[in-house]
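Since the structure comes first, as structure tokens, the remarks are kept for the end.
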Amino acid sequence: MTKRFGSVVASDVIDLDLQHGEVLALLGENGAGKTTLMNMLFGQYTPDAGTVHVWDDAGNETILPAGQPQAAIDARIGMVHQHFTLAENLSVLDNILLGAEPLFSLVRHRRDAREKLTRLMDDSGLIAPLDTRVGDLTVGERQRVEILKALYRDVRILVLDEPTAVLTPQEADTMFASMRAMVDRGLSVIFISHKLHEVQAFSDRIAVLRHGRKTGEMVTKDANTGSIIRMMVGEDLKVPPRVAGVPKKPILELQDIHTSGAGGGQGLSRLNLTVRGGEIVGIAGVSGNGQSAFAGLVSGLVQPQSGAMSVSGKAMPKPNPKAMLDAGVGRIPEDRHHDGIVSAMSVAENLVIERLDAPDVQTRGFLRKTQIAAHAQDLTQKYDVRGPGIEARSALLSGGNIQKLILARVLETNPDLILANQPTRGLDFKAASEVSRRLFEARDRGAGVILISEDLDEVLSLADRILVMHDGHLQETDSRDRTVIGLMMAGGRVT
Amino acid sequence: MMDFVNIFLSDSFWAASLRIATPLIFGVLGALLCERSGVLNLGIEGIFVVGAMTGWMAVWLGAGLWGGVVVAALSGALFGLFHGILTVIFGLSQHVSGLGITLFGTSVASFTYRTALPQVSSPPRIEPFRALDIPILSDLPFIGPVLFQQTAMTWLALFLVAIVWWMMEKTALGVAIKAVGDNPDAVNAQGLSVIKLRMGSVIAGSALMALGGAFLTMSAFDAFFFGMVNGRGWICIALVIFASWQPGKALMGALLFGMFDALQVRLQTQAGAIIPGQIFLMAPYVLSIIALVIVARKADYPRALLTPWFKGQR
Amino acid sequence: MIQITQKENQSRWVSLGIPIVAAVLSLLLAAIPLAFTGASIPDAYVQMINGVFGSLFNFTEMLTRATPLIFTGLAAAIAFRAKLWNIGAEGQLYLGAMAAVWVGTGMVDGPPILMIPLVLAAGAIAGGLGMLGPALLKTRFGADEVVTSLLLNFIILIFLQMMLEGPLKDPMGLGWPQSEPIIDNAILPQLITRMRLHAGFILALGTAVVAYVILAMTVWGFKVRAVGENAAAARHAGIAVNKTYLAVAMASGALAGIAGVSEVAGLKGYLTADLSPGFGYTGIVVAMLAGLSPLGVIAASLFVASVFVGADSMSRAIGVSSFIADLIVSMSLICVLLGGFFARFNLRWDRNKGGGS
Chain A
8 MTKRFGSVVA SDVIDLDLQH GEVLALLGEN GAGKTTLMNM LFGQYTPDAG TVHVWDDAGN
68 ETILPAGQPQ AAIDARIGMV HQHFTLAENL SVLDNILLGA EPLFSLVRHR RDAREKLTRL
128 MDDSGLIAPL DTRVGDLTVG ERQRVEILKA LYRDVRILVL DEPTAVLTPQ EADTMFASMR
188 AMVDRGLSVI FISHKLHEVQ AFSDRIAVLR HGRKTGEMVT KDANTGSIIR MMVGEDLKVP
248 PRVAGVPKKP ILELQDIHTS GAGGGQGLSR LNLTVRGGEI VGIAGVSGNG QSAFAGLVSG
308 LVQPQSGAMS VSGKAMPKPN PKAMLDAGVG RIPEDRHHDG IVSAMSVAEN LVIERLDAPD
368 VQTRGFLRKT QIAAHAQDLT QKYDVRGPGI EARSALLSGG NIQKLILARV LETNPDLILA
428 NQPTRGLDFK AASEVSRRLF EARDRGAGVI LISEDLDEVL SLADRILVMH DGHLQETDSR
488 DRTVIGLMMA GGRVT
Chain B
7 MMDFVNIFLS DSFWAASLRI ATPLIFGVLG ALLCERSGVL NLGIEGIFVV GAMTGWMAVW
67 LGAGLWGGVV VAALSGALFG LFHGILTVIF GLSQHVSGLG ITLFGTSVAS FTYRTALPQV
127 SSPPRIEPFR ALDIPILSDL PFIGPVLFQQ TAMTWLALFL VAIVWWMMEK TALGVAIKAV
187 GDNPDAVNAQ GLSVIKLRMG SVIAGSALMA LGGAFLTMSA FDAFFFGMVN GRGWICIALV
247 IFASWQPGKA LMGALLFGMF DALQVRLQTQ AGAIIPGQIF LMAPYVLSII ALVIVARKAD
307 YPRALLTPWF KGQR
Chain C
234 MIQITQKENQ SRWVSLGIPI VAAVLSLLLA AIPLAFTGAS IPDAYVQMIN GVFGSLFNFT
294 EMLTRATPLI FTGLAAAIAF RAKLWNIGAE GQLYLGAMAA VWVGTGMVDG PPILMIPLVL
354 AAGAIAGGLG MLGPALLKTR FGADEVVTSL LLNFIILIFL QMMLEGPLKD PMGLGWPQSE
414 PIIDNAILPQ LITRMRLHAG FILALGTAVV AYVILAMTVW GFKVRAVGEN AAAARHAGIA
474 VNKTYLAVAM ASGALAGIAG VSEVAGLKGY LTADLSPGFG YTGIVVAMLA GLSPLGVIAA
534 SLFVASVFVG ADSMSRAIGV SSFIADLIVS MSLICVLLGG FFARFNLRWD RNKGGGS
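Chains as they are written, first to last, in my numbering: chain A, 8 to 502; chain B, 7 to 320; chain C, 234 to 590.
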């Protein structure tokens with residue numbers, strides 16, 4: 008299979024096969040091309056070259072017409088996407104039936120559907136409330152709906168894209184157990200992951216992708232961890248042991264904070280936190296538990312309904328983004344395209360957007376174009392931001408380079424406090440370790456860093472202190488045990 | 007004061023309310039269909055004009071009243087197709103495309119009318135829809151004159167409210183339309199065509215919009231005047247939000263509006279000496295703005311409204 | 234099925250060329266409706282060209298016609314740059330005209346150096362307030378400004394009629410609903426003797442240049458552009474998004490208001506209800522044709538004005554309905570839209586086996 012996006016080759020002549028009744032793991036770092044390959048299988052993308060062959064139970068071969076999800080569905084292939092494909096305004100039942108019932112029939116056979124679904128839910132152990140609006144469900148529940156959608160269509164081949172990204176460790180174990188149960192009933196599974204330990208624990212065979220090419224394939228129990236890593240990353244990964252930070256004066260104090268949710272989501276309640284300079288505070292947790300409200304608070308976008316916030320000793324009763332910036336808070340947003348950059352504006356413009364009143368950016372209201380350009384050249388070099396030039400639209404930059412741009416913008420003002428929200432999401436190892444390195448540097452220069460991450464491993468490897476966010480509450484723990492923290496992520500209180 | 011209360015007791019007031027509401031019912035239903043699927047159609051004002059002109063012209067040329075209705079609907083569908091190609095297939099700005107369609111539709115209709123019928127002292131007239139006189143039912147006290155002496159087009163509008171409601175709430179097609187307006191990826195992943203669903207909704211919705219215009223020239227009045235639509239299309243855009251994109255509420259919103267419009271005419275004659283008539287003329291527009299402001303905060307906009315969707319976009 | 238992919242590089246020349254191609258294309262497409270009128274097509278085009286370039290009078294008429302379009306075009310361009318959909322320029326124009334008439338028909342008097350800026354300021358403020366309303370409804374209540382600014386047009390027009398039959402009515406006007414004339418000291422001077430071209434045109438050109446400088450070179454212009462391209466990121470970066478919307482609304486409305494002042498104090502001399510044949514709406518087309526660029530607005534206004542003046546002349550000469558002008562202008566809008574698309578995206582037809590989903 009081959010696929011190009013403009014000049015980027017996302018899939019470079021990849022061969023892959025799935026045996027009946029096996030669990031094949033598609034392993035690779037972010038950007039390796041795993042999702043692209045699966046999207047071609049499922050008809051979301053049309054390949055530039057290559058074919059998909061499917062054999063049914065009787066041994067008949069079909070070649071799938073490209074670019075048609077319906078063809079994949081007819082071949083009984085189902086996919087659970089990383090970003091859920093659910094209509095939030097409709098019920099679970101309607102979402103499952105969407106496309107599964109004839110569009111122009113005058114009656115709907117909902118009772119039969121309910122019966123079939125009840126049976127499916129019993130068999131697989133995946134329960135979801137059929138008449139609840141999907142918008143009202145938790146992330147874990149939504150994933151169950153996604154899987155039920157596929158099961159309802161009688162899939163024989165199921166593709167799961169990063170299924171544990173949004174689950175607690177315990178929920179992940181349960182999900183894999185359900186998967187095994189279904190495989191024992193004749194299902195064949197491909198699951199995409201970038202987490203080595205997960206792949207080693209739950210798959211029969213592993214295929215490794217790197218930069219759009221398949222670099223290796225093996226039976227899991229024969230696999231050697233070192234060689235897999237080399238196939239994934241191209242070199243031996245040396246993760247330097249974490250050096251603990253030396254905490255200094257408090258930079259951020261949150262006392263008894265209550266907020267409503269950002270955009271109708273989970274708000275914060277009775278939140279207390281002190282962050283000191285020279286330490287990295289990691290906030291672990293499944294997304295949807297208040298992380299957005301917390302990030303919004305520290306960014307100045309969400310107002311506290313009660314409670315007090317102070318930065319470097321200065322009280323901030325009515326924060327707004329400008330005030331937080333002026334108080335020395337640097338923010339790396341979760342969604343870099345939505346909140347981080349103005350993609351239609353140039354790299355240089357995006358580098359100065361947070362400092363529009365600075366004397367080196369403007370004089371008497373007029374932009375100092377030469378200064379801005381020189382500044383941009385400086386920063387892009389220092390932070391290795393690669394792209395078509397400082398005057399090019401920042402939309403043309405890769406995800407990793409956009410993140411480096413944002414890092415550059417945040418770090419060059421030497422902030423006292425840095426909020427890093429999912430800073431390595433979607434980045435490959437090299438870019439991710441670059442980000443980690445910069446955060447450590449900033450910490451060692453005296454800044455306080457708050458790291459919010461869905462990736463528990465990332466929190467464990469970077470944070471000096473660990474807190475878990477659940478239902479709008481923060482709870483600190485001394486434990487570094489994944490199981491213990493996993494329980495806290497699910498709401499269990501640990502004494 | 008008694009005069010004021012008496013207005014509400016007269017059956018002619020309610021009959022007028024329903025009559026004035028009719029073009030709005032068509033328009034709001036049409037806008038609702040488009041927007042539920044994720045497409046804002048600001049071409050509505052122009053499509054009203056197109057429907058008004060083509061429906062009337064068809065009758066003028068001998069097609070018969072229902073022939074005119076069909077012609078109007080088809081012309082609306084054609085402009086809807088145009089808007090759909092620009093916004094759904096090419097993903098262009100729905101605001102600009104819609105405004106372009108309004109300007110284009112209005113100018114095409116005006117140019118065609120003026121070219122076919124050169125300047126005359128008074129616009130030519132047709133034989134419009136007459137009030138239906140249903141035996142027995144029309145003689146019922148109060149309900150009789152209000153409900154059963156409307157024209158066939160008003161009945162069509164009420165019927166269409168029921169049809170649209172049934173389709174949206176009780177059929178698989180309705181589920182699909184609601185889904186594509188919330189998350190087109192969900193629809194695509196289930197093997198359905200986002201493009202076909204959206205195009206279908208925009209075309210059907212635009213046909214309905216055109217009927218609103220046709221009502222003006224074929225039922226309410228009997229001739230085509232420049233400027234006769236006078237913002238009714240825009241009012242429908244406000245009313246759709248007020249109606250939360252639901253057919254039942256759309257009917258209520260249109261009726262409420264019709265009531266206010268009927269009221270202002272009657273109030274003018276009563277209070278005309280003290281309050282200048284123009285204040286009453288402003289009422290419909292002011293009310294629409296107020297209605298919009300009231301619901302704006304909580305409005306449950308279709309999530310994918312205004313967002314174009316391309317297959318296989320990275 | 235059609236495959237649509239974004240082009241990686243967008244050439245500047247293509248962006249510049251598209252409006253020109255669109256304009257030419259729409260003029261050529263006019264041949265289709267012309268064919269239905271039974272008129273001689275070449276003759277029609279000749280009459281149109283003659284109507285603009287045939288004499289100094291015709292040419293200055295075109296420039297005069299372009300003057301309010303430059304202002305309303307700028308009003309739309311600035312607003313749309315911030316993704317603030319000001320569709321109310323028509324009403325704001327009349328607000329400006331009413332303010333000019335209120336102040337400039339004898340309430341105060343002074344030398345022109347005082348009076349002219351006074352009526353302009355009055356018009357600008359009135360127009361600015363006219364868009365401030367919808368903008369406040371947007372920022373405070375989340376009410377869509379497209380609908381509110383649009384509906385306000387109708388309200389203002391009715392209000393105008395009320396004023397012209399009431400407080401603003403000219404007692405010497407023989408009963409017609411028209412205002413008193415603008416006093417001599419407040420009249421925008423003629424530019425060429427015996428022509429209707431007035432100083433408003435020079436003012437329009439200057440305003441366009443100033444708008445360009447502000448948008449491209451100032452911090453405020455940067456904020457406007459950032460808010461328009463991505464309001465969420467702008468807010469995150471510390472830009473006061475709501476304040477920006479309000480400021481843009483006032484600026485946009487002010488420009489439309491000045492269009493009204495220019496027509497009343499430069500061209501007609503008094504106010505009637507038909508002062509504007511839709512300049513506010515046409516300004517939107519002008520802005521789109523100009524790619525929302527202030528300098529482009531000048532060129533686009535000249536084009537649109539030429540179409541209208543040429544079509545008027547053609548209409549008088551060979552009897553074709555002057556609605557053809559509206560047709561041509563609206564077609565050019567659609568052509569620009571399509572052209573912008575083809576510049577940014579690649580289209581590919583995929584030969585896939587049969588019926589899609």
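Just so you know, even glycine gets a beta-carbon here, dropped at the ideal spot from N, CA and C.
Note that the coordinates shown come from a computational prediction; the quantities given were computed from them, not determined experimentally.
Query, Result
"Nearest candidate by alpha-carbon position, reference I154 (chain A), set A:T139, A:G132, A:D471", "A:G132"
"Per-residue contacts from V181 (chain B) into chain A (C-beta, under 8 Å)", "L97, D101, L104, L105"
"Straight-line Cα distance separating G360 (chain C) from R217 (chain A)", "60 Å"
"Whole-angstrom distance between S43 (chain B) and W315 (chain B), CA atom to CA atom", "12 Å"
"Which of helix, strand or coil DSSP assigns to E153 (chain A)", "helix"
"7 Å Cβ cut-off: residues of chain C touching G204 (chain A)", "The residue asked about is misnamed: residue 204 (chain A) is His in this sequence, not Gly. Within 7 Å Cβ-Cβ: nothing; H204 (chain A) doesn't reach chain C, min ~35 Å."
"Interface flag, N194 (chain B) vs chain A, CB-CB below 8 Å", "yes"
"Proximity test, Cβ basis, 8 Å: R472 (chain A) and chain B", "no"
"V279 (chain C) versus V481 (chain C): straight-line alpha-carbon distance, rounded", "42 Å"
"CA-to-CA distance, A83 (chain B) to A308 (chain C), given in whole angstroms", "33 Å"
"Secondary structure, alpha helix (DSSP H): runs of 4+ residues fully inside the segment 10–91 of chain B", "17–42, 50–66, 71–90"
"Simplified DSSP assignment, three categories, for W172 (chain B)", "helix"
"Alpha-carbon to alpha-carbon, W251 (chain B) and L203 (chain B)", "17 Å"
"Exposed unless 16 or more other CB atoms sit within 10 angstroms - verdict on T93 (chain B)", "buried"
"Cross-chain neighbours of A184 (chain B) in chain A, by beta carbon under 9 Å", "It should be noted that the sequence gives Lys, not Ala, for residue 184 (chain B). By Cβ distance, chain A contributes A94, N96, L97, D101."
"Contact belief for S509 (chain C) with E496 (chain C) at Cβ below 8 Å, rounded distance in angstroms", "7 Å"
"Interface flag, S299 (chain A) vs chain C, CB-CB below 8 Å", "no"
"Distance between beta carbons of V359 (chain A) and I379 (chain A), contact taken as under 8 Å", "5 Å"
"Beta-bridge partners of H431 (chain C), as assigned by DSSP", "C:Q423"
"Span of the beta strand (DSSP E), counted from its first residue to its last, around F12 (chain A)", "10–12"
"V417 (chain A) vs G337 (chain A) beta-carbon contact at 8 Å", "yes"
"For Q262 (chain A), the first and last residue of its enclosing beta strand (DSSP E)", "257–266"
"Beta carbon of Y327 (chain C) nearer than 8 Å to that of L249 (chain C)", "no"
"At least 3 beta-carbon pairs within less than 8 Å: the segment 299–319 of chain A vs the segment 274–284 of chain A", "yes"
"Listed by chain order, chain C residues near T121 (chain B) by CB distance under 7 Å", "F269, T270, S554"
"Contact set between V114 (chain B) and chain C, taken where Cβ atoms lie within less than 7 Å", "L560"
"Candidates A:L304, A:S401, A:S313: closest to V345 (chain A) by CA position", "The question names Val, but residue 345 (chain A) is His in the sequence shown. It is A:S401 whose Cα lies nearest to the Cα of H345 (chain A)."
"Collapsed DSSP secondary structure at L167 (chain A) in the structure displayed", "strand"
"Status (buried if at least 16 other CB within 10 Å, exposed otherwise) for P170 (chain A)", "buried"
"Amino acids of chain C, ordered along the chain, whose beta-carbon sits closer than 8 Å to that of S207 (chain B)", "The premise fails here: S207 (chain B) is roughly 17 Å from chain C at the closest Cβ pair, so nothing lies under 8 Å."
"Length-filtered (4 minimum) alpha helix (DSSP H) runs lying within the segment 237–281 of chain C", "245–262, 264–269"
"Proximity to I135 (chain A) [Cα-Cα], best of A:Y159, A:D263, A:A427, A:A107", "A small fix is needed here, since residue 135 (chain A) is Ala in this sequence, not Ile. Per the Cα distances, A:Y159."
"V30 (chain A) (DSSP reduced to helix, strand or coil)", "strand"
"Exposure label - S234 (chain A); buried when at least 16 CB within 10 Å", "exposed"
"Closer than 8 Å to chain A by CB, V452 (chain C)", "yes"
"Contacts that G471 (chain C) makes with chain A (C-beta to C-beta distance below 9 Å)", "G307, N327, P328, K329, A330, M331, L332, D333, I360, E361, R362, L363"
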